[in-house]
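Accompanying notes for the structure given below.
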Amino acid sequence: MIQTDEDGDEGTPGGKRAYSAPALEKGIQILELFATEPRGLTISEIAQKLGRSISEVFRIIIVMERLGWLAKDPVNDRYAVTYRVLDVAFRATPAQTLSNVAAPVMYELSSGTNQSCHLVVGTGASATVIHRQENMGPVGFGIRLGTVVDLVTSCSGHVLLAFAAEDRRARALAGLAMPTDVRARLERRLDAVHLQGYEMQPSARTAGVTDISFPVFGFDGHVCAALTIPFLVTIDGSQKTGLDETRESLGRAAQDISRGLGWSAAD
C-alpha cells in the first residue's frame, strides 16, 4: 500500500502524515554546517557540532564524498564542500539564466566605472551573492561569490525587501527576529528605498565603502535580484567616475538586465 498525505495520522496536525528521512536530514544538516565552516571540518568535529555520534554521520559523509558533494583534504583529514553544490544550485534554479543575462552587462558596468559589482538573490530570510565582476584596475574591493548577505543591514537586502511583493516581504520579515522599534525603522527605510528607486548607504561591513544597489526585475514584473556596487574612492588618479555618475550607470545596468530577462518598463 502506498501512503499519501491524504492518509490520516492521528499524531500530526490536520491528520497529515509526518514523513521522516533521517539520512537525508543529516546530509542537509551537514551541508548547512559547512556554510559556516569554509576551512572544512573533520568527521569528529562535524559530529560534535551537530550533536550526533561519529557513527551517525560517518556513512553519510562517505556517501557524500563518493557522490562528489564533499572532498577530503589528505593532509589534515578535513572535509569541505565542493563546487558541485554551486553547480547544481545554478542549474536547478533561475540563477544560471540570471547570471548569463547579467554577466556581459556587469562586465561593461565594471569596465566603465572601474568598480566591482555583484548580483544578489533572496534566499528566504537572507540573500546570497550569485555572480560578481571584479573591477579592471590593479586594486579594488569586491564580495566573494556565495557570500550570505544580511537582509536587515545590507544595501542589497534593503532593495530586495523594498521591491518585493507585500506577501513576500511579510514572509521574509516574519523569519527575522528583531525588536519592534527596529522593525518599524526598517519598514520606514524600505518605503523610502522603494520611493527613490534604489538604496545607497555606507557599507555595513567595511569602512570607507559606499554601497549602491538597484533592483533587477524578471519577466513577471517581480524583483528577482539586486545589482550592487561597493563604491570605493581611489586617490591615485584612476577614478573613472564619481559616486553620482556611478549610481546612474548602475541604474541603467539594472534596467538592461531586467529587459534581458523579459521585463518591460510598462510592467
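Residue numbers for the sequence shown follow numbering that gives the first Met the number 0, beginning at 0 and rising by one.
For each residue, glycine too, the CB sits at the ideal point set by N, CA and C.
Closest Cα partner of residue i within the set the options
| i | options | result |
| --- | --- | --- |
| residue 216 | 55, 103 and 253 | 253 |
| residue 23 | 50, 38, 55 and 37 | 55 |
| residue 31 | 264, 145, 134 and 193 | 145 |
| residue 171 | 109, 83 and 121 | 121 |
| residue 82 | 33, 157, 100 and 110 | 33 |
| residue 161 | 132, 195 and 175 | 195 |
| residue 141 | 158, 263, 68 and 229 | 229 |
| residue 110 | 134, 126 and 208 | 134 |
| residue 261 | 240, 223 and 250 | 223 |
| residue 257 | 69, 38 and 104 | 104 |
| residue 117 | 212, 219, 173 and 70 | 212 |
| residue 154 | 203, 131 and 165 | 203 |
| residue 235 | 137, 147, 173 and 193 | 137 |
| residue 264 | 225, 232 and 218 | 218 |
| residue 129 | 36, 107, 179 and 100 | 100 |
| residue 21 | 47, 42, 59 and 36 | 59 |
Endpoints, beta strand (DSSP E) assigned at residue i
| i | result |
| --- | --- |
| residue 69 | 69-71 |
| residue 198 | 198-201 |
Bridge-paired residues (DSSP) for residue i
| i | result |
| --- | --- |
| residue 275 | Any question about residue 275 goes unanswered here, given that the chain covers just 0 to 266. |
| residue 229 | 210 |
| residue 224 | 215 |
Three-way DSSP call (helix, strand, coil) for residue i in this model
| i | result |
| --- | --- |
| residue 237 | coil |
| residue 162 | coil |
| residue 32 | helix |
| residue 256 | helix |
| residue 97 | helix |
| residue 148 | strand |
Limits of the unbroken alpha helix (DSSP H) element including residue i
| i | result |
| --- | --- |
| residue 79 | Run containing residue 79: none in the alpha helix (DSSP H); it sits in the beta strand (DSSP E), 78-80. |
| residue 179 | 179-195 |
| residue 49 | 42-49 |
| residue 63 | 53-65 |
Contact test: residue i Cβ vs the ligand MN heavy atom, cutoff 7 Å
| i | result |
| --- | --- |
| residue 146 | Because no ligand of any kind appears in the structure shown, any question about the ligand MN cannot be addressed here. |
Supposed close pair residue i, residue j - CB separation, criterion 8 Å
| i | j | result |
| --- | --- | --- |
| residue 158 | residue 198 | 5 Å |
| residue 205 | residue 114 | In fact, because the Cβ distance is near 14 Å, the residues do not count as touching under 8 Å. |
| residue 149 | residue 125 | 7 Å |
| residue 77 | residue 39 | 3 Å |
| residue 27 | residue 63 | 11 Å between Cβ atoms; not a contact. |
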